[in-house]
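Note sheet for the following structure.
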Amino acid sequence: MSALPQHDPASAIAPPAGSAMWRRDFLFGTATAAFQIEGATEAAGRLPSIWDTFCATPGKVDNGDTGEVACDHYHRWQEDIDHMAGLGLGAYRFSIAWPRVMAADGSPNHKGLDFYKRLLDRLADKHLQAFVTLYHWDLPQHLQDKGGWLARDTAYRFADYADLMGRELKGRVNAWTTLNEPWCSAYHGHVSGAHAPGLRDERHAMDTMHHLLLAHGLGMKALRSRDAAPVGLVHNVNAVLPASDSPADRRAAELAHACANLWVLDPLLLGHHNTDLEELWPTSRPPLRDGDMALISAPMDYLGINYYFRSCIRSDGAHGYVEAPQPGVERTQMGWEVYPEGLRDLLTGFQSRYANLPPIYITENGMASDDRVVDGRVNDEHRIRYFARHFAAIDQAMRAGVRVKGYFAWSLLDNFEWAYGYAKRFGLLHVDYATQRRTLKDSALALRAFLARRNAHS
Ligand code: IFM
C-alpha cells in the first residue's frame, strides 16, 4: 500500500484558486502510447512495426531494451483502467497499434480490434472519456519496406487505416487524434536518426513532414465520413531562448522556433509551409501537389499540445543553430529544463499568430525522474511541484484568452521511453518491470486528492 505524502497533497498539486481548471468541465486525464506499454508484440496476428525492427538493431536502444513485454498492458489493461478510475480522472489518451489491427493487405485483424473494443467499453463503463491516437510512431514494417513516410503512398495507406478505425470503433471514441508528434516522426525518424526507422539525412525533412501532414488531412476526412467524434492532431512544442542578444543568436533562435513549432503548425493553421525552413534545409522542399494544402489545413476540432522543456539556442556560425549549455537551471532525468512559463508563452503566442487556433488540450506534460519504491511508497515531490507549476502556467494562458479544455499527464505508467529504453520513469504509477507490480507514486496520490476536492466543490 502507498502512504499519502506528509503535507496536504491536494493543495500541493492544485491549480491556483479560482482557476477554470477547478471546474468539472476541465478534463484531467493521463496519456500512454501502444508501443510504450502494451508488450505482446506477437499476439493475435500483430505484425512487426518499425520500432520492433529498430529495437532489434544493436546499438539503437539503450540497454538493448525492446517493446516485447513493456508494461504488459495488453494483459493488464483492466487493472490499469481501474487505477485511472480510482484516481478520479475523466479521460484516457492512448494509441492504437496500426500493426495490431490491420493486415498487410488492408483487411481488418479482428482479434487485434477486439482488444481495443474491450478497452473502450471498459473505459465507458468507468466514465473515462477515450482520446484515441491512430499513429504514435509504430508504422507497420511492411509499409516501411515500401518507403515509409518518404513515400506519398503511405499517406493513402494511413487514410485506409483511419477509415477502418472509424468504421470499426464508431460511437466508442470521444476524440480522435490522427498523428502524435509528426515532428518527431519526421525529424528523429528521418533527419537525426534517433528514432525508427533511423534514417539520417536532412534532405528527408520536408518530404516526410509533408507526407505525414497529408496523412493527417486524408485521415481526418476519412474519420469524419465514418464517425461524429471530434478530430485533431497532437504537436510537441518547445520554448526557445536565444543564448545572447547578438543578431546571429537571435536569428538562430527564430530558426529553432520555426523548426520546433511552426514547421507543423503553419501548414495546419495557415495553409502553407514555413519559409524559414528553406534557410535551415536549403536542399529540402515539400513535394506539394494540387489540393494537398486544402486537405492539410482543413479546420481541426481541437489541437493537442505536448510540452516538456525550453532550449537555449545559439548560432552555429553558418545557417543553422545548436543548443547552448545553460548551467544552473533545473532539469529532469531527461536533461530537459523545467520551464513552465514557456508553455504559457507558447500558447499565448499561438493565439496571436493563428486567428483560427482551435480549442486546445494539453495532451502531454510530465517529467522523468529516477523514482524508487521505498517501504511501499514512491516519494516524487519534484513531480508534484512540476505539475502544480505547469497548471499555474496553463491557468495564466487561459486567463489571457487561450481556450484550454483539458490536461493529460504523461504518463499513466513508467514505460518504454523509446531510444532510452526503460531507464527514464515518467509515470504517475511506478512499474516494477520484474514483477509488473504498479505502485501509485505520491504525485498520483496528490492528483487523486485534488480531483476528489474538486469534485466535492463543484
Ligand atoms: O514518451 C514520449 C511520448 O511517446 C511522446 N511525447 C514525449 C514523451 C516523453 O519523451
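Counting from 1 along the sequence shown, just add 31 to a position and that's the residue number in the working numbering.
Glycine included, every Cβ here is placed at the ideal spot set by N, Cα and C.
Note that this is a predicted model, so its numbers are computed, not measured.
Short Cβ contact (8 Å threshold) for residue i with residue j
i, j, result
"M429", "A399", "no"
"W367", "Y338", "no"
"L311", "C290", "yes"
"P318", "D238", "yes"
"N267", "C343", "no"
"I393", "I44", "no"
"V404", "T470", "yes"
"V222", "H241", "no"
"P130", "P79", "yes"
"H114", "L460", "yes"
"K201", "D258", "yes"
"R345", "A329", "no"
"F189", "A128", "no"
"A454", "A41", "no"
"V462", "D445", "yes"
"N205", "A260", "yes"
"P273", "L243", "no"
Three-state secondary structure (DSSP) of residue i
i, result
"S346", "strand"
"H288", "helix"
"F85", "helix"
"W108", "helix"
"R320", "coil"
"V119", "Sequence inspection shows Gly at residue 119; the Val mentioned does not correspond to that position. In the structure shown, G119 sits in coil (DSSP, three-state: anything other than H, G, I, E or B)."
"D8", "Examination of residue 8 is not possible in this model, given that the chain is present from 32 through 489 alone."
"H304", "coil"
"D376", "helix"
"R416", "helix"
"Q172", "helix"
"P130", "helix"
"P361", "As written in the sequence, residue 361 is Glu, which differs from the Pro given in the question. Correct three-state label for E361: coil."
"Q467", "coil"
"R403", "coil"
"E309", "helix"
"F146", "helix"
"P371", "helix"
"V353", "strand"
"E199", "helix"
"L459", "coil"
"K252", "helix"
"V295", "helix"
"P40", "helix"
"H235", "helix"
"N337", "strand"
"H266", "strand"
"P47", "coil"
"L58", "strand"
"Y392", "strand"
"M32", "Its pLDDT being 40, under 50, M32 is placed unreliably by the model, and the measurement read from it follows with that caveat. Note: M32 maps to coil in three-state DSSP."
"F447", "coil"
"G95", "helix"
"P139", "strand"
Inter-residue CB distance, residue i and residue j (contact presumed, cutoff 8 Å)
i, j, result
"P371", "H421", "5 Å"
"L245", "W207", "Actually they are not in contact, since the Cβ atoms of L245 and W207 sit about 17 Å apart, beyond 8 Å."
"F162", "L296", "In fact, because the Cβ distance is near 20 Å, the residues do not count as touching under 8 Å."
"V132", "L144", "5 Å"
"L150", "G60", "14 Å between Cβ atoms; not a contact."
"A530", "G335", "The question about residue 530 has no answer, for the chain in this structure spans 32 to 489."
"G70", "D103", "5 Å"
"K436", "F125", "With a Cβ gap of about 18 Å, K436 and F125 do not count as contacting."
"A287", "Y352", "5 Å"
"M251", "L299", "No, M251 and L299 are not in contact; Cβ-Cβ is about 10 Å, not under 8 Å."
"L249", "A186", "6 Å"
"E448", "F457", "7 Å"
Minimum Cβ-Cβ distance from residue i to chain D less than 8 Å
i, result
"D176", "In the structure shown, chain D does not exist; there is a single protein chain."
>> Whether or not the region 148-165 and the region 83-97 are in contact is what I'm after, with contact meaning three or more pairs of Cβ atoms, one per stretch, closer than 8 Å; do they touch?
In response: no
> Counting Cβ pairs, one atom from each stretch, are 3 or more of them under 8 Å apart for the region 77-89 and the region 224-239?
Replying inline: yes
> Just checking, does the region 353-363 make contact with the region 302-309 on the three C-beta pairs under 8 Å criterion?
Replying inline: no
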